[in-house]
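If you count by this note's numbering, then the sequence shown holds residues 1 to 182, one letter each, in order. Notes to accompany the following structure.
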Amino acid sequence: MKTILLGLLITLTLISCQSNNNDFDNYFSKSQQDSLLTNIVTYLYLPAPEATNTTKFQPQFRGFYAKNTPNFKLQKYYQAENGWNYFFLIRPVGSSSAFKRGVLGKFKLAPNSFMPTAFEEVANTPHLAEEVVKERGNYLFQELIKNGNLDKQTPMKQYIEWPDEHLAYDRKTNQWITIKPY
């Protein structure tokens with residue numbers, strides 16, 4: 001009986017430690033987190049007023065993204081040994097507060113900087129209640145860091161809305177593009 005309890009305790013401790021390793025707090029200070037999250041939001045969010053997709057990284061637009069960053073919640077983060085940084089965040093959906101969307105992605109960091117390079121949105125979840133987004137996003141995040149992609153999960157439409165046969169992520173322009181009209 002003691003052996004079973006000890007084994008259970010060790011297993012729970014290992015699971016707890018593994019999930020804590022994916023906490024953003026374990027990697028960066030609060031100010032570093034704010035800077036990196038604002039940079040990620042700049043990639044994900046619509047262009048600031050008077051900005052375009054190519055100019056939105058210019059300093060005069062940073063205030064717009066910093067102001068909107070509190071609407072985005074970084075749920076999971078992982079730095080792989082190969083230099084890739086994986087993330088799962090929850091973002092707002094239009095004007096609806098009832099639904100959220102999960103975004104899973106990866107990037108590399110520029111040397112001595114918190115600016116992502118080689119940025120890619122790997123997948124977006126459908127619009128769902130936040131608790132459902134968390135549950136499904138956590139599963140997808142584990143698969144993403146395990147495999148480096150979500151190719152096997154992409155057909156799971158209740159988990160992944162994009163990419164699909166109509167939309168793909170363009171890594172050159174950092175936006176979703178239509179590849180086949182609806």
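We treat Cβ as the ideally placed atom computed from N, Cα and C, and that holds for glycine.
Within 8 Å, do at least three Cβ pairs link the segment 49-58 to the segment 77-94?
no
Residue(s) in a DSSP beta bridge with Gly105
Position 105 of the sequence shown holds residue 105. Phe87 and Glu121.
Any idea if Lys214 is buried or exposed, counting beta-carbon neighbours within 10 angstroms, 16 or more meaning buried?
Here the chain has residues from 1 to 182 only, and residue 214 is not among them.
Which residue wins for smallest C-alpha separation from Leu128, given the options Glu120, Val122, Gly137 and Glu121?
On the sequence shown, position 128 is the one that residue 128 refers to. Out of Glu120, Val122, Gly137 and Glu121, Gly137 has the C-alpha closest to the C-alpha of Leu128.
Chain-order list of residues whose beta-carbon lies under 6 Å from that of Ile145 (same chain, five-residue window excluded):
Reading the sequence shown from its first residue, position 145 is the one you call residue 145. Excluding sequence neighbours, Ile145 sits near Tyr78 and Tyr86.
Is the distance from the Cβ of Glu121 to the Cβ of Val103 below 9 Å?
Start at 1 with the first residue of the sequence shown, and residue 121 comes out as number 121. Start at 1 with the first residue of the sequence shown, and residue 103 comes out as number 103. For Glu121 and Val103, yes; Cβs fall inside 9 Å.
Excluding sequence positions up to five away, which residues of its chain have a Cβ less than 7 Å from the Cβ of Asp170?
Residue numbering aside, residue 170 sits at position 170 when the sequence shown is read from its first letter. Once the five neighbours on either side are set aside, the close Cβ partners of Asp170 are Ile177.
When you compare the CB of Ser31 with every CB in chain D, is at least one pair closer than 9 Å?
You won't find chain D in this structure, because it holds only one protein chain.
Quick check on the DSSP output: the alpha helix (DSSP H) that includes Thr173 runs from which residue to which?
Counting from one through the sequence shown, the residue named residue 173 turns up at place 173. Run containing Thr173: none; DSSP gives neither H nor E here.
When you compare the CB positions of Arg91 and Lys73, do they come within less than 9 Å of one another, or not?
For the purposes of this step, residue 91 is identified with residue 91 of the sequence shown, where counting begins at 1. For the purposes of this step, residue 73 is identified with residue 73 of the sequence shown, where counting begins at 1. Yes, these two residues count as a Cβ contact at 9 Å.
Taking a contact to mean a Cβ-Cβ separation below 9 Å, would you say Asp164 touches Lys172 in this structure?
For the purposes of this step, residue 164 is taken as residue 164 along the sequence shown, with counting starting at 1. For the purposes of this step, residue 172 is taken as residue 172 along the sequence shown, with counting starting at 1. Not closer than 9 Å, so no.
DSSP three-state assignment for Leu44, whether helix, strand or coil:
Within the sequence shown, residue 44 is the residue found at index 44, counting from 1. Note: Leu44 maps to helix in three-state DSSP.
Straight-line Cα distance separating Thr125 from Gly148
Reading the sequence shown from its first residue, position 148 is the one you call residue 148. Reading the sequence shown from its first residue, position 125 is the one you call residue 125. Going by the C-alpha atoms only, they are around 17 Å apart.
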